[in-house]
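Scroll down for the structure; my scribbles are underneath it.
Structure representation (structure tokens):
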């Protein structure tokens, strides 16, 4: 047994249990004080273990592999988890019950994400994803006296169940067609025998199940309502952690099942599959975001649009025949995931603090003249929006640049991919428009009388989180080489390990 | 190749089928006959305990009472009230009866005398016998009557709760044997002592859980006469009622033979089983009959639990005790110290007694709405 | 990788179970049919068709909401009974020589997590039926 390989996971699970236990034992007057600390420290410890410990090797009879790829995913999950705890702390302070459960569920969900990068077969994939998804249902409905939150939880549950069913039937069909659930033998099967109709059906169903998770069009309808209704820290969680887990799995499934078929007729069919999904998602997300008045809904549609860019990277990944470009594309998706993670977390920190005023999320009231009410929040939101739009020198630019670069690279072996690049460029222009509308609301307007107090007090935890966010957004935009190197190592490991 | 497919060519010969058919018919008829006798025995024993006569008109000592009852069940009017969900209502008694009968298949009555020799043994027993709850739940729901529904939901909650305890308490026996095969469990007891002595806590928990599983006193809340009329079978009459009734007695027989197999050494008794398989069967029957008598004895001795007591006993005390029993047994086995063979049962018993004392001291008493009314102040 | 437990299961072993199953269904079905044929046929009337409520006319349908505690128990059952299923293969493998200490340690971790869950459930009052 190589227990040290899953030590980060053990630490996070223990932290989750401890958070629940501490909260349960605390007297009524002190409920909810300790749980965020326990959760945050456990995640911090796990982050250090992942970053400094460099675990390598396999454990559990080969069902769990620690390599550069899983290390990247784990670092994103735990490091991002620390930010989420910082966002959640002011929020949970206002709750009267369920503090321990909130952090416990959050940590258990993060364990699901951590394991996602390390699985070596389809069953493991399904179990990790369920661990993540089932905890998310509860988190989305956490404010259970609130109608919207309950609606969000219910919608997410129903849609999530459908997508899990797709995924599971897909897994079963793939097993029936290829006779194995292990990634290595599946790749070998595709290389040796190509895609039978049954295998293609199974793979397609699995991809559809994952498209639900990353809210790709046409499986996106749940996203705006759930994002709007869920408690804001949970929305941040859904749009960052949950989504990156979905893309990690998409990368994995694509590299295991789809990439080996590159260059064949079925490989071309998969390129159109991903290409159509990517362009639909891009256009729909960015167009539907334009009329949104509610900032949470706006960010929800924008997150659909960003899923489109990441799918663009995946389309390039399956389209190219050149292994170097393939690694480039995977790197691009990973860097994009990371940059999007940092950006969206910063944006939702601001949304969480603003909505703590109790005046909702409407752009023309709660956000009007935000820079007068809290210069810090307005500045952080400005940077986050610019990063989402991909304006230099923000983190978001790097992700977009790498994705487009890999599309150009893929065009050498598959010229029609250029069309996707053009759609992506159109998406960038569209997105600038609605981000600028919100920026105008914050900087060019006077505070609305319905928007709450004239100055917004920013809690300490949110200050820390905003500071980290600003530093990461700008820092990553200027000095992105380390993240790129780590992501590239992860991408190489992804293809080496299959 | 699939191991199940691989076994197909060695399909059973005609003789094998005939043999198992004969055994099935024999066992099933013995079971049904025993069920009928049990109904009579229950009434006679209760009369004995309550110092009355009991049924004594049909045949010598009322022995033919069950046959008379059967005739009555057949010729009575079969009422299907309009408000019930008809098909579910008709199906429910069958669903309740079938698991009770089919579970007996893996019980070894004597070495080699067994309907089906399955290597999953105990797992089969627990999985099939837990299906019985469907009959009760469906019957109570289909009856569309408030008493029946109350009885039904109570019954399902109770049965599934105690099923967990039943499942865990059997694990101590299984890990000592190292097999799920019931034949192995009995052979282990024949060679190195009954599990009644080696796993006393597990025995107590298993026996109690099987009382709850069969809805018998002191856990008969699903059909508590004084509050729910008859519980889940309130709306049933004629043969459908009889099937529910029979299912309950068959479940008792299965539970007794399972306890006999797991804890009382099955067909073994100081080497007497070496006299031949008939002796084994006789020993097994004697033990099972004794346990059935204990079922009846307890019914007419102990009062009924309140529902909150029933649930808190199961979840707050039995569940952790059963799990601790598994851990302590595994620890003693893993340590490899021979002296522990004698210390272990004492330690386990001590654990049980300690928990009972603790439970007694922490009992909050009945909730205020259930507390007895103050005695009326006499104005005389 | 060699299988942990040798499988010597044959589908033929289940044939007697099938026979017994058919016998049980046949027995129940036969009894129902015989009593349906032989039983006396009474007439329906509104009082006879009403649900039995000790003589009071029933007011509503019985299919209504009932206490959420029953659902809680059902959830607890699903959680804990699945853990029980995990105990069985472990128990069957326990007497394998040279593995007992490892298996015991493994079960300590497993049972520790299970105990934690149990403690949480009890402490939250999910099984307190007397308390609202």
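Chains as they are written, first to last, in this note's numbering: chain A, 313 to 810; chain B, 46 to 425; chain C, 78 to 209. All residues carry an ideal CB built from backbone N, CA and C; glycine is no exception. None of the values given here were measured: they were computed from a predicted structure.
By how many angstroms is the C-alpha of residue j removed from the C-alpha of residue i?
{"i": "residue 138 (chain B)", "j": "residue 182 (chain B)", "result": "11 Å"}
{"i": "residue 789 (chain A)", "j": "residue 492 (chain A)", "result": "43 Å"}
{"i": "residue 118 (chain C)", "j": "residue 119 (chain B)", "result": "12 Å"}
{"i": "residue 588 (chain A)", "j": "residue 360 (chain A)", "result": "40 Å"}
{"i": "residue 714 (chain A)", "j": "residue 651 (chain A)", "result": "11 Å"}
{"i": "residue 754 (chain A)", "j": "residue 695 (chain A)", "result": "12 Å"}
{"i": "residue 329 (chain A)", "j": "residue 157 (chain C)", "result": "17 Å"}
{"i": "residue 116 (chain B)", "j": "residue 300 (chain B)", "result": "28 Å"}
{"i": "residue 217 (chain B)", "j": "residue 168 (chain C)", "result": "8 Å"}
{"i": "residue 638 (chain A)", "j": "residue 147 (chain B)", "result": "59 Å"}
{"i": "residue 263 (chain B)", "j": "residue 406 (chain B)", "result": "21 Å"}
{"i": "residue 791 (chain A)", "j": "residue 213 (chain B)", "result": "58 Å"}
{"i": "residue 603 (chain A)", "j": "residue 675 (chain A)", "result": "11 Å"}
{"i": "residue 525 (chain A)", "j": "residue 185 (chain C)", "result": "36 Å"}
{"i": "residue 397 (chain B)", "j": "residue 241 (chain B)", "result": "14 Å"}
{"i": "residue 172 (chain C)", "j": "residue 219 (chain B)", "result": "10 Å"}
{"i": "residue 84 (chain C)", "j": "residue 114 (chain B)", "result": "Here the model assigns residue 84 (chain C) a pLDDT of 47, short of 50, so the residue's position is not dependable, and the following value carries that caveat. About 48 Å."}
May I ask you to list the residues that DSSP assigns as paired with residue i?
{"i": "residue 155 (chain B)", "result": "B:158"}
{"i": "residue 564 (chain A)", "result": "Residue 564 (chain A) pairs with nothing; no bridge assigned."}
{"i": "residue 122 (chain B)", "result": "Answer by DSSP bridge pairing: none, since residue 122 (chain B) is not bridged."}
{"i": "residue 606 (chain A)", "result": "A:674"}
{"i": "residue 494 (chain A)", "result": "A:433"}
Which first and last residues belong to the alpha helix (DSSP H) in which residue i is found?
{"i": "residue 579 (chain A)", "result": "577-601"}
{"i": "residue 428 (chain B)", "result": "Outside the displayed span of chain B (46 to 425) sits residue 428 (chain B), for which this structure offers no information."}
{"i": "residue 331 (chain B)", "result": "322-344"}
{"i": "residue 317 (chain A)", "result": "No alpha helix (DSSP H) contains residue 317 (chain A), which DSSP labels as neither H nor E."}
{"i": "residue 149 (chain B)", "result": "Segment: none, residue 149 (chain B) is in no alpha helix (DSSP H) and carries neither H nor E."}
{"i": "residue 205 (chain B)", "result": "191-222"}
{"i": "residue 254 (chain B)", "result": "245-258"}
{"i": "residue 71 (chain B)", "result": "59-94"}
{"i": "residue 844 (chain A)", "result": "As displayed, chain A neither begins before 313 nor continues past 810, which places residue 844 (chain A) out of reach and without an answer."}
Do we get a CB-CB distance below 7 Å when we pair residue i with the residues of chain C?
{"i": "residue 163 (chain B)", "result": "yes"}
{"i": "residue 329 (chain A)", "result": "yes"}
{"i": "residue 353 (chain B)", "result": "yes"}
{"i": "residue 197 (chain B)", "result": "no"}
{"i": "residue 360 (chain B)", "result": "yes"}
Does the beta carbon of residue i come closer than 7 Å to any beta carbon on chain A?
{"i": "residue 192 (chain C)", "result": "no"}
{"i": "residue 80 (chain C)", "result": "Unreliable positioning characterises residue 80 (chain C) in this predicted model, as indicated by a pLDDT of 41, which lies under 50. The coordinate reading is nonetheless provided below. Closer than 7 Å: no."}
Compute the minimum distance between the beta carbon of residue i and the heavy atoms of the ligand HEM, and state whether it is under 6 Å.
{"i": "residue 114 (chain C)", "result": "Although the ligand HEM was asked about, the structure shown includes no ligands whatsoever."}
Please confirm if residue i has its CB atom under 7 Å from at least one CB of chain B.
{"i": "residue 129 (chain C)", "result": "yes"}
{"i": "residue 132 (chain C)", "result": "no"}
{"i": "residue 171 (chain C)", "result": "yes"}
{"i": "residue 187 (chain C)", "result": "no"}
{"i": "residue 116 (chain C)", "result": "yes"}
{"i": "residue 102 (chain C)", "result": "yes"}
{"i": "residue 145 (chain C)", "result": "no"}
{"i": "residue 83 (chain C)", "result": "Confidence in residue 83 (chain C) is poor, its pLDDT being 43 and thus under 50, which makes the residue's placement too unreliable to answer from."}
Whose Cβ in chain C lies nearer than 8 Å to the Cβ of residue i?
{"i": "residue 365 (chain B)", "result": "192 and 195"}
{"i": "residue 208 (chain B)", "result": "154 and 158"}
Taking residue i as the query, report the chain C residues whose CB atoms sit under 9 Å from its CB, ordered along the chain.
{"i": "residue 336 (chain A)", "result": "196, 197, 200 and 201"}
{"i": "residue 332 (chain A)", "result": "193 and 197"}
{"i": "residue 128 (chain B)", "result": "126, 127, 128, 135, 138 and 139"}
Between which two residues does the beta strand (DSSP E) containing residue i stretch?
{"i": "residue 266 (chain A)", "result": "Since the displayed chain A opens at 313 and closes at 810, residue 266 (chain A) lies outside it and no answer follows."}
{"i": "residue 371 (chain A)", "result": "369-371"}
Residue i versus chain B: which residues are under 8 Å apart at the beta carbon?
{"i": "residue 119 (chain C)", "result": "122 and 124"}
{"i": "residue 106 (chain C)", "result": "139"}
Could you list which residues in chain C have their beta carbon closer than 7 Å to that of residue i, in chain order?
{"i": "residue 341 (chain B)", "result": "What residue 341 (chain B) touches in chain C: nothing, since even the nearest Cβ is about 24 Å away."}
{"i": "residue 376 (chain B)", "result": "181"}
Determine the chain B residues that contact residue i at a beta-carbon separation under 9 Å, and present them in chain order.
{"i": "residue 178 (chain C)", "result": "379, 380 and 381"}
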